[in-house]
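Numbering (my numbering), first residue to last: 4 to 365.
In what follows, a single structure is set out as structure tokens and then discussed.
Following this line, the structure appears as structure tokens:
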């Protein structure tokens, strides 16, 4: 433990004395959580499915589908070096306990569903959130990423199900990020390349599609500002300010209000989705960051054969773009299958994660 701590301190000195201290990390800000070293080079990430939207129900409801995952989220994860396992809605609590014990992280995607739908997206999210909190409380590193509605769900769950969101008008809006002065103190942006920060700060590359948002005032009103760090804000078409990036101060939970997966993988026209080289570079940063976080989890399926039964490769995407969907492709599911808790058995990686002394900072 002492050896690792000395190496961390030595690295910090090297960065400063070498003239490359592009981000000076406040040790008190970053010392709350122990650091973990990425040792898992074959991460598996779960993506939560959700109820069909109104348009999808109109187009595909008579085919027996009841849930879906937009393929762009799958590509977002795979493009950064991880495999994907779908997580079903409308399952018993034991299912979520079991499946998460095999995964290295969870992505809560954006979409068009409501949090009050029984046994749906939000109820499944509650199980996932509570389990992930318990993992991290026990020193078992487990990241959760929320995009757009997924970001809103994270803060909704943190607020114990209180509706804390404000109405926003930010559909088909491309924006740069307005970073907070201390954004480099965050885990998400501490090591972000300078060119990525320049792109995000100065170019309208983030794709926004949301009618709700989380404001700093509401974050404070519900006591969430004690546990969550705001790194950037933006303004909707009407000038209303909203939070665009956020992370938990202790747990590896991250939320972004925009859609980096759309820059790379969605091609619907006239929606202000930037596909420039800079937009792709910035979007890929978020995927790479999340998957690097997932490599710090040592969960593992009991065998490759068991994993193969659950990966997204068992399903074929539908070309939903042909029917006016904002998604080019979606994985459509008929009656989310029941997975008995005793079917899956997880095991830990043989190489243990190195946990640094929290007092050593980050």
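Each residue gets a CB set at the ideal place from its N, CA and C atoms; glycine is no exception.
Since we're looking at a predicted model, the values are computed, not measured.
Inter-residue CB distance, residue 153 and residue 89 (contact presumed, cutoff 8 Å)
About 15 Å separates the beta carbons of residue 153 and residue 89, which is beyond the 8 Å limit, so they are not a contact pair.
Run through DSSP, which three-state label would residue 263 get?
Note: residue 263 maps to helix in three-state DSSP.
What does DSSP give as the partner residue(s) for residue 150 in the beta ladder?
DSSP output for residue 150 lists 259 as bridge partner(s).
Backbone secondary structure at residue 201 - three-state DSSP
Helix, per DSSP.
Any beta strand (DSSP E) of 3 or more consecutive residues that is wholly inside the stretch 128 to 187:
Complete beta strand (DSSP E) runs here, min 3: 147 to 150, 169 to 178.
State the Cα-Cα distance for the pair residue 243 and residue 171, rounded to the nearest angstrom.
Computed Cα separation, rounded: 7 Å.
Looking only at its chain, what residues have a beta carbon closer than 8 Å to the beta carbon of residue 99, apart from the 5 residues adjacent to it on each side?
Cβ contact annotation for residue 99 (same chain, cutoff 8 Å, sequence separation greater than five): 90, 127, 130, 131, 134, in chain order.
Just curious, the alpha helix (DSSP H) that residue 192 is in, first and last residue?
Run containing residue 192: 190 to 193, per the alpha helix (DSSP H) assignment.
Check whether the Cβ atoms of residue 206 and residue 179 lie closer than 8 Å to each other.
Cβ distance < 8 Å, so residue 206 and residue 179 count as in contact.
If you check the beta carbons only, do residue 181 and residue 236 fall under 8 Å apart?
Cβ atoms of residue 181 and residue 236: closer than 8 Å.
Inspect the beta-carbon positions of residue 264 and residue 124 and report whether they are closer than 8 Å.
The answer is no: Cβ separation not under 8 Å.
Other residues of its chain near residue 321: CB distance less than 7 Å, five sequence neighbours each side excluded
The residues are 332, 333, 335.
Quick check: what's the CA-CA separation for residue 267 versus residue 78?
The straight-line gap from Cα to Cα measures roughly 9 Å.
Any idea which residues DSSP pairs residue 88 with across the strands?
49, per the DSSP bridge assignment.
For residue 83, which of 284, 329, 279 has the nearest alpha-carbon?
Selected option, being the one with the closest Cα: 284.
Give me, in chain order, the residues of the same chain whose beta-carbon lies closer than 6 Å to that of residue 304; leave out the 5 immediate sequence neighbours on both sides.
Taken in chain order, the residues that qualify are 105, 310.
At what residues does the beta strand (DSSP E) containing residue 238 begin and finish?
Note, residue 238: beta strand (DSSP E), 231 to 238.
For residue 210, does the three-state DSSP call read helix, strand or coil?
Reduced to three states, the DSSP call for residue 210 is strand.
DSSP-derived helix/strand/coil call for residue 100
In the structure shown, the three-state DSSP call for residue 100 is helix.
Looking only at its chain, what residues have a beta carbon closer than 8 Å to the beta carbon of residue 68, apart from the 5 residues adjacent to it on each side?
Same-chain partners within the cutoff: 55, 59, 335, 336, 337.
I need the straight-line Cα distance from residue 166 to residue 308, nearest angstrom please.
Spanning the two alpha carbons is a distance of roughly 42 Å.
DSSP state of residue 245 mapped onto helix, strand, coil:
Residue 245 falls in the strand class under three-state DSSP.
Let me check understanding here. Comparing Cα to Cα, which of 234, 81, 102, 293 lies closest to residue 188?
That would be 234, whose Cα lies nearest to the Cα of residue 188.
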